[in-house]
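Heads up, the thing below is written out as structure tokens.
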Amino acid sequence: MAITDWPADERPREKLLQRGAHALADAELLAIFLRTGVKGKSAVDLARELLADHGGLSALMAASQERFCRSHGLGDAKFVQLQAVVEMSRRYLAEDLRQRPVFASAATTRQFLLAQLRQEVREVFAVLYLDNQHGLLLYEPLFYGTIDGAAVYPREIARRALELHAAALIVAHNHPSGVAEPSDADVRITKRIREALALLDIRLLDHCVVAGPEVISLAERGLL
């Protein structure tokens, strides 16, 4: 049965307009993005198949162009559209952080870090540089590789903070393993960064670890 033959309150577009986007399942949201199905399958049927094939919405959105375009009903045009949607989401979250203090929007900060780091296949160490009102000046990935293997240089973080006239920082990195629990190395490098910044009267507010859908705050753990 075509979606147009469904009851109006069950059609994804009408459901979104009546009840809001939050009321839709992943497959329904994806169906709106796809717009049309393929022969013998509605857009919702196709969306469900794609989610099952990729292992969920997050994996689908992070898929490489080659992997994405191998799926039935998808191609380069849809890949470009999806990447544009993902990037707009990241920029929206960054803009939201710039407009109000980071700690006044902890949920948005976590969402932003998830959007930036969750799908990275290698470890990325990034810094949020903040002004004296804790508004976001800049988000910048600085180091790549494991904390133990690839050097994280506190002096480089401090130098960049001075260039940007930052008053405070939040550092963050991901664990591609999917295990968010902070390691001993995470705690050690946090202490070194905090001490380097303290000499310049710049505060380290937090060190966040991103893994899967989880963001762990070392400050909340009392490890800062």
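Residue 1 is where the sequence shown starts when you use UniProt numbering, and the numbers rise one by one after that.
By construction, the Cβ of each residue, glycine as well, lies at the ideal position given by its N, Cα and C atoms.
- Taking 7 Å as the cut-off, the Cβ atoms of A196 and A158 count as close.
- For S217, the enclosing beta strand (DSSP E) starts and ends at 214–217.
- DSSP places I202 outside any beta strand (DSSP E), giving it a letter other than H or E.
- According to DSSP, residue pairing for A126 in a beta bridge involves P141, A172.
- By the CB criterion at 7 Å, F112 and L137 fall outside the cutoff.
- Just measuring C-alpha positions, the residue of A84, G56, L205, F68 sitting nearest K191 is L205.
- Beta-bridge analysis with DSSP links A211 to E214.
- Cα atoms of N132 and E163: separation of roughly 15 Å, rounded to the nearest angstrom.
- Take the alpha-carbon of L17 and the one of V44: they are about 17 Å apart.
- As computed with DSSP, D206 is found in a beta bridge with I170.
- Where H54 is concerned, the enclosing alpha helix (DSSP H) starts and stops at 43–54.
- Straight-line spacing of the CA atoms in G40 and G73 works out to 12 Å.
- Contact between G145 and R118 does not hold, since their C-beta atoms are separated by about 18 Å, which reaches or exceeds 8 Å.
- Using a Cβ distance threshold of 7 Å, A126 and A84 do not count as a contacting pair.
- In chain order, A31, L34, G37, V38, H72, G73 place their CB closer than 8 Å to the CB of L46, counting only its own chain and leaving out the 5 sequence neighbours on each side.
- Per the DSSP secondary-structure output, V187 pairs with nothing in a beta bridge.
- Put simply, the backbone Cα of G178 is about 28 Å away from that of K78.
- Residue state for L164 is assigned as coil, using DSSP reduced to three classes.
- Apart from sequence neighbours up to five positions away, the residues of its chain that approach R13 with a beta-carbon distance below 7 Å are I32, ordered along the chain.
- The residue among E87, L50, P154 with its C-alpha nearest the C-alpha of R70 is L50.
- In the three-state reduction of the DSSP assignment, V38 falls in the strand class.
- Taking C-beta separations shorter than 7 Å and ignoring five residues to either side along the sequence, the partners of R90 in its chain run A115, Q116, following chain order.
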